[in-house]
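Participant:
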Amino acid sequence: MDPVTRPQGREGGTLGRLDDTLRRLARAMLLVAGWGLLLLGMLVAVDVAARNTIGRNIGGVDEIAGYIFAIGISWSLAEAFYARSHVRIDFLYQKAPPGLRSLLDVSSILALGFAAAFLAFSGWLVVSGSWGMASRSASVLQVPLVIPQALWFAGMLVFLAALLVSSLQACLALAAGRHPELAARFGIMSASEEAQEALGAREEKA
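Residue numbers for the sequence shown follow the numbering used here, so the first one is 1 and each next one is one higher.
Below, the structure written as structure tokens:
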């Protein structure tokens with residue numbers, strides 16, 4: 001994290017370390033989700049090949065695909081937030097003064113945090129219910145539903161933790177009037193920032 005975006009003051013200590021840990025965890029979960037999708041693609045290819053050659057499919061591929069997609073989405077949310085990849089309408093945002101933009105950034109993080117908390121709470125109700133009733137999928141695989149549900153829930157917990165830490169950092173930065181820090185960490189990416197990010201990714205691949 002560069003000096004501009006690193007939290008300043010006391011919150012840069014414990015909160016900064018926690019934020020760094022969550023960022024590393026979010027990146028690792030994103031990579032796992034990506035590998036899961038890659039393996040799913042290979043599994044689908046094998047299933048299609050088996051169907052066309054021996055006239056039989058593997059069975060349960062569609063069910064496994066549903067689990068992998070759901071888990072992959074939840075495990076990607078935290079990294080999408082850190083990368084500022086979530087979509088927001090910005091045609092008025094860019095014209096607002098720095099103070100108002102900071103207020104809008106904090107408001108959006110808090111609103112997203114409430115949504116994540118609701119999803120995490122709802123997910124916990126589903127996971128605990130499946131655990132208590134020992135529920136299994138109504139398919140040939142008979143998968144214990146608590147397994148994919150718990151993995152999905154883990155992604156939502158990391159997403160919620162990322163939002164809680166970032167919300168606290170954003171509120172502290174707003175109270176201190178650190179508008180450049182807020183814009184760099186939580187604001188909508190400008191066209192120049194997106195171009196620099198694309199060039200950086202291209203150089204890394206090269």
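Where is the CB? At the ideal position from N, CA and C, for every residue including glycine. Source: prediction; values computed, not measured.
Measuring straight from C-alpha to C-alpha, what distance separates aspartate 90 and glutamine 142?
Facilitator: Each residue's Cα considered, the two are about 47 Å apart.
Participant: Tell me arginine 136's beta-bridge partners as DSSP assigns them.
Facilitator: Note: arginine 136 sits in a beta bridge opposite Pro144.
Participant: Return helix, strand or coil for aspartate 47, following the three-state DSSP convention.
Facilitator: Reduced to three states, the DSSP call for aspartate 47 is helix.
Participant: Label leucine 39 either buried or exposed according to how many other C-beta atoms from any shown protein chain fall within 10 Å of its C-beta, with 16 as the threshold for buried.
Facilitator: With fewer than 16 other Cβ atoms within 10 Å, it is exposed.
Participant: Whole angstroms are fine: how far does the CA of isoleucine 54 sit from the CA of alanine 161?
Facilitator: Spanning the two alpha carbons is a distance of roughly 48 Å.
Participant: If contact is defined by three or more beta carbon pairs under 8 Å, each pair taking one atom from either stretch, is the stretch 163-175 in contact with the stretch 97-114?
Facilitator: In short, these stretches touch, since the Cβ pair count reaches three.
Participant: Short check: CB of alanine 116 to CB of leucine 163, under 8 Å?
Facilitator: Yes; because the gap between Cβ atoms is below 8 Å, this pair is in contact.
Participant: Keeping to the same chain, check which residues put their C-beta closer than 8 Å to that of valine 32; ignore five residues upstream and five downstream.
Facilitator: Hits under 8 Å: Trp75.
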